[in-house]
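Residue numbers (full-length UniProt numbering): 1 to 549. Reading through the structure tokens given below for one structure.
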Amino acid sequence: MAEETLNTAAQSAAHAEVAVVSNVPEAEKVETCAKEAVLPEPVKEAIVEDEKEKVAASTSFKEESNIVGELPDPQKKALDELKHLVQEALNKHEFTAPPPPVKEEKPVEEKPSPVVEEEAKPCEDPAVPTPVAEPVVECKEEEKVTPPAAEPSEPVKEVTEVVVKTESCIDEDGAKKIEAIQETIVAVTMPAEPPKIEETEQPPCAAEEIPISPEEVSIWGIPLLADERSDVILLKFLRARDFKVKEAFTMLKSVVAWRKEFGIESLLDEDLGTEQEKVVYMHGVDKDGHPVCYNAYGEYQNKELYQATFSDEEKRKNFLRWRIQFLEKSIRKLDFSPEGISTIVQIIDLKFSPSPFKKELRQVLQLLQDNYPEFVAKQVFINVPWWYLAFYKMINPFFTQRTKSKFVFAGPSKTSETLFKYIAPELVPVQYGGLSRDGEQEFTAGDSITEEIIKPSCEHTIELQAPEACTLIWEARVVGGEVSYGAEFVPSAEDGYTVIVQKSRKVTESSDGSVICGKFKCGEAGKVVLTFFNQTSKKKKVLYRFKSE
């Protein structure tokens, strides 16, 4: 996409952009500052008012139902029309090898022209006296009369050729000889007509008479028109084209052709290595049950990984095949029943990401957009740097409103808070502020988390009760900045002694080590008290869970 086109498009995108970016206050502030630096005051005021209206009107994307009975009537009609087109295409084998109708018409159109030339040439070539004109007139009359008797048959054309040739060479006895010739020709052509008719008419008759069974076409493991799962697939194409049936059908045929050309089915069994598993990976589900895919493009700052992925054409092709294979395997695990979940939440981590996306990554993203319609339930951009907002401003006009409604942006300080809106903290990876990490054994994803707010410049305590002698295990995570943390055991008995479990120390959310893990063996009934001291003027959030053994 040329820079001039993007710069022009950026101006028209100013209003639409705010409706999406405003999901994150930090991103909104960056945009507002940029506008204040460029636009005059009257224009600023007009834009602000327009933005307020659009923010109010813009709502977060909500997935539509895939149950046919719940669709509005126009959408039902569009689905029925698309199914009809697909059925016709399957009957005619248009998805594999559509028959070109032009080939049968060409020979029929070419035959008459040489015959006319042959009729004209014999009369012009020989030098004949003037009396020949009278028989020629009779010949023309006969030519006009005879063709209707056997209209399209080729033997009749041969008769006219012979008659013209003989008349052009005869003076007075031409009429008698013509009659003799006509008789002989009639005798010869009568038996010759049936085989010629059979040769010309046999192929189309055979094509009409022999029944051809509809072809079977599957996409993402779902046979088209086989059951209700196919309706879910077709609805994706219709929604991607705003329920314009012909455009959706064209897109479907294009995707089927691309999948065959790319060799998707054989690609699923290929071994393409594991080098990219740190870049793109599936981890948990969101609060609605959608699988979550993380894309950490900042990993390509590692020069060895980047060279191993993009240094030459062969490696770039291998990366593309790996990315498509990864997505195909993820899609095959989705539930395409009308009540099932058939979309994915995409998390795009822009921390240390190439700016603004390397050409190779843009090609992959474009390919996914063209051939995988409506597979994204929501696309959350996290750790968004300031330059990406300017980049998004330029490309914003090229997205549909439906696509833009799925976008959410979060700056570095709002990443964890934004993710927690859509994904439970216990399922968010630890590097993004959650408590989920590989290889953990003390807690599982089923162990719920409690959230509490730490007020500014306040001390906040959390009590973990031990009604009897046991071992208490806990883990906690602070979101929003740095705090001081300490822990102690307080026995229930009045004459008992308080035990310091953890001396006070500073805890930040900037690294994996910010997850607080603790274990204490209580010899008697009591409680473990966790103390958090927030010395800043901003509130913080603490996430924790515990259990006893």
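The beta carbon of each residue, even a glycine, is placed where N, CA and C say it ideally should be.
Skipping 5 residues on each side, what residues in its chain have a beta carbon closer than 6 angstroms to that of residue i?
i	result
His460	Ile454 and Phe532
Val380	Ile347 and Val408
Tyr297	Ser353
Gln502	Gly486 and Ala487
What do you reckon, are the CB atoms on residue i and residue j nearer than 8 angstroms?
i	j	result
Ala410	Ala466	no
Phe237	Gln75	no
residue 553	Ile423	Outside the displayed span of the chain (1 to 549) sits residue 553, for which this structure offers no information.
Gln363	Leu225	no
Ile449	Glu426	yes
Glu63	Ala377	yes
Glu452	Ile462	yes
Ala469	Gly518	no
Ala248	Glu374	no
Ile520	Glu475	The sequence shown places Phe at residue 520, rather than the Ile named in the question. No.
Leu350	Asn383	yes
Lys506	Pro456	no
Pro291	Ser330	yes
Lys527	Leu435	no
Leu367	Leu235	no
Ile219	Arg229	no
Leu90	Val217	yes
Val499	Phe489	yes
Asp447	Lys547	yes
Leu419	Val245	no
Ser416	Gly439	no
Pro491	His283	no
Glu328	Leu267	yes
Leu305	Glu313	no
Can you tell me whether DSSP reads residue i as helix, strand or coil?
i	result
Gly298	helix
Asp271	coil
Gln346	strand
Thr498	coil
Thr536	coil
Met474	Going by the sequence as given, residue 474 is Trp instead of Met. Trp474 falls in the strand class under three-state DSSP.
Val384	coil
Val507	strand
Ala89	helix
Gly69	helix
Pro99	Only weak support is given to the placement of Pro99: the predicted model assigns it a pLDDT of 45, under 50, and the value that follows is read from those uncertain coordinates. DSSP places Pro99 in coil when its eight states are reduced to three.
Phe520	strand
Gln369	helix
Leu224	coil
Pro491	strand
Lys541	strand
Phe375	coil
Pro467	coil
Leu334	coil
Phe546	strand
Glu314	helix
Val279	coil
His460	strand
Glu53	Low local confidence applies: a pLDDT of 39 at Glu53 is under 50, so the model's placement there is unreliable, with the coordinate-based value given in what follows. Glu53: helix per DSSP, three-state reduction.
Ile233	helix
Val217	coil
Thr309	helix
Thr250	helix
Lys527	strand
Ser353	coil
Glu94	coil
Ser448	coil
Ile341	coil
Ile324	helix
Val292	strand
In chain order, what residues of the same chain lie with their CB nearer than 8 angstroms to the CB of residue i, ignoring the 5 residues before and after it?
i	result
Met251	Phe237, Ala240, Arg241 and Pro373
Ser504	Ser484, Tyr485, Gly486, Thr531 and Phe533
Val68	Lys76, Leu79, Glu228, Asp231 and Pro338
Thr343	Glu63, His290, Leu334, Glu374, Phe375, Val376 and Ala377
Using a Cβ-Cβ cut-off of 7 angstroms (strictly less than) and excluding sequence neighbours within five positions of residue i, which residues of its own chain qualify?
i	result
Tyr281	Tyr294
Glu81	Val245
Lys540	Ile454, Val478, Val479, Gly480, Gly481, Val483 and Asn534
At least three beta-carbon pairs within less than 8 angstroms, the region 267-276 to the region 313-325: Contact between the region 267-276 and the region 313-325 is established, with three or more Cβ pairs separated by less than 8 angstroms.
- Task: Count the CB pairs spanning the region 252-264 and the region 77-95 that are closer than 8 angstroms, and state whether there are at least three.
- Result: Enough Cβ pairs lie closer than 8 angstroms, so yes.
Which parts of the region 400-438 are runs of the beta strand (DSSP E), unbroken and 3 residues or longer, counting only runs that do not cross its ends?
-> If we require 3 residues or more, the beta strand (DSSP E) runs fully inside the region 400-438 come out as 407-409.
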